[in-house]
Structures are given as C-alpha cells and as structure tokens.
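Q: One rule links them: number in the working numbering = place in the sequence shown (from 1) + 5.
Don't be surprised by glycine CBs; every beta carbon is placed ideally from N, CA and C.
Please read all numbers here as calculations on a predicted model, not as lab measurements.
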Amino acid sequence: MADQPHILVIEDHQPNATLVCDLLSFHGFRVSWAPDGISGLEMVERDPPDLILMDLQLPRLDGFELTRRLKSDPKTSHIPIVALTACAMISDAERAMEAGCDGYLTKPINTREFPHTIRKFLSVSTPENS
Ligand code: MN
6 MADQPHILVI EDHQPNATLV CDLLSFHGFR VSWAPDGISG LEMVERDPPD LILMDLQLPR
66 LDGFELTRRL KSDPKTSHIP IVALTACAMI SDAERAMEAG CDGYLTKPIN TREFPHTIRK
126 FLSVSTPENS
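1) Check D60 in the structure and name its three-state DSSP category.
2) Just to confirm the assignment, what range does the alpha helix (DSSP H) spanning R65 have?
3) Exposed or buried, P54, counting other C-beta atoms within 10 Å across all chains shown (16 or more means buried)?
4) Excluding five sequence neighbours on each side, which residues of the same chain lie with their C-beta closer than 8 Å to the C-beta of S30?
5) From the DSSP output, which residues share a beta bridge with G108?
6) At what residues does the alpha helix (DSSP H) containing S37 begin and finish?
7) Looking at the structure shown, is S135 part of a helix, part of a strand, or coil, going by DSSP?
8) Roughly how many whole angstroms lie between the Cα atoms of T90 and S82?
9) Looking only at its own chain, which residues have a Cβ that is under 8 Å from the Cβ of L127, when we skip the five neighbours before and after it?
10) Run through the DSSP bridge pairs and tell me what L13 is partnered with.
11) Would you mind reading off the limits of the alpha helix (DSSP H) that contains I43?
12) Could you check whether the stretch 19 to 30 touches the stretch 61 to 80, counting it as contact only if at least three pairs of C-beta atoms, one from each stretch, sit closer than 8 Å?
This is the structure:
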C-alpha cells in the first residue's frame, strides 16, 4: 500500500527496535530501522519518513544532536520526531523537547496505546491541521 505512513525507528537496542518495528508493521505502518545516529541521518536523506521515533542514547551521533540537525534543516524540519526515553529519565525528556522533538514516549512502551499515540502525532503534523 502506497499510503501507509512510513515510520523510521532510530534505536540501538535491538530487542527494543524489534518490538517497536513489529508492532508498527502489525498496525499497518511501513517501518525502517536505523541502529545509530549516522545511519539514521543517511536514511532520512535517502527516504524521508512521515515520522521518526528517536532513541536518545545512540552510538556515533546521539538523538539530541541528530534532532537538532534535522530540525535546523529546511528539508527535514517538518518531519515529526518523537523521542523514546527511559521512564526514569525525566531530564532526558526535557532535553529532547529542547532539542526540537515534537513529543516523547517512555520506554518500556505501552503496546496497546502505542499505535494510537503514533497516529495522533501523524495527524497533528499533517499540513491541513498545522
Ligand atoms: Mn540507546
């Protein structure tokens, strides 16, 4: 299906990435996965997604810096970025918002609410609603 929203998951912890990607595929999203910040950046340039799920602690280029780069580039600044933060790390969530993330979700994710939450972030970012 051509109209499947495309989600890029940038997450270095493979079990987390697999869980998130499987869940999103199951709910009808097209999913790509990047295991580090530099690969994530390259994948955004090659095949711009409709939304990015961004882990913050990443090898090569962390999620804060990658978010700043994407949000300061006019070619990518419109792409919603949702940070994935560990539950205990409230300060990470605040830093993620300062870096330009549009929202954040805490890990471990709530598998039942997760797909709805992603759809909400997608619908608020569509041009007709902004
Ligand atoms: Mn990580």
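A: The short version:
1) Position 55 of the sequence shown holds residue 60. Shown here, D60 sits in a strand according to DSSP, grouped into three states.
2) Here residue 65 is taken as the residue at index 60 of the sequence shown, counted from 1. Taken as a continuous stretch (DSSP letters only), R65 belongs to no alpha helix (DSSP H), as it is neither H nor E.
3) By one-based count along the sequence shown, residue 54 stands at place 49. When all chains shown are included, P54 counts as buried.
4) Locating residue 30 in the sequence shown gives position 25, where the first residue counts as 1. Result list for S30: V36, in chain order.
5) Taking the first residue of the sequence shown as position 1, residue 108 is located at position 103. Paired residues: V87.
6) Locating residue 37 in the sequence shown gives position 32, where the first residue counts as 1. Note, S37: premise wrong, no alpha helix (DSSP H); beta strand (DSSP E) at R35 to A39.
7) Translated into positions along the sequence shown, residue 135 becomes position 130. Bear in mind that a pLDDT of 42 at S135, under 50, signals an unreliable position, so the number given afterwards is only what the model happens to contain. Three-state result, S135: coil.
8) The residue you call residue 90 lines up with position 85 of the sequence shown. The residue you call residue 82 lines up with position 77 of the sequence shown. Their Cα atoms are separated by approximately 21 Å.
9) Start at 1 with the first residue of the sequence shown, and residue 127 comes out as number 122. Leaving aside the five residues that flank L127 on each side, the residues in its chain whose CB is nearer than 8 Å to its CB run, in chain order, P10, D55, L56 and P85.
10) By 1-based counting over the sequence shown, the position of residue 13 is 8. Paired residue(s): S37 and I57.
11) Looking up residue 43 in the sequence shown gives position 38. That run of the alpha helix (DSSP H) goes G42 to R51.
12) No: the two stretches stay apart, fewer than three of their Cβ pairs being nearer than 8 Å.
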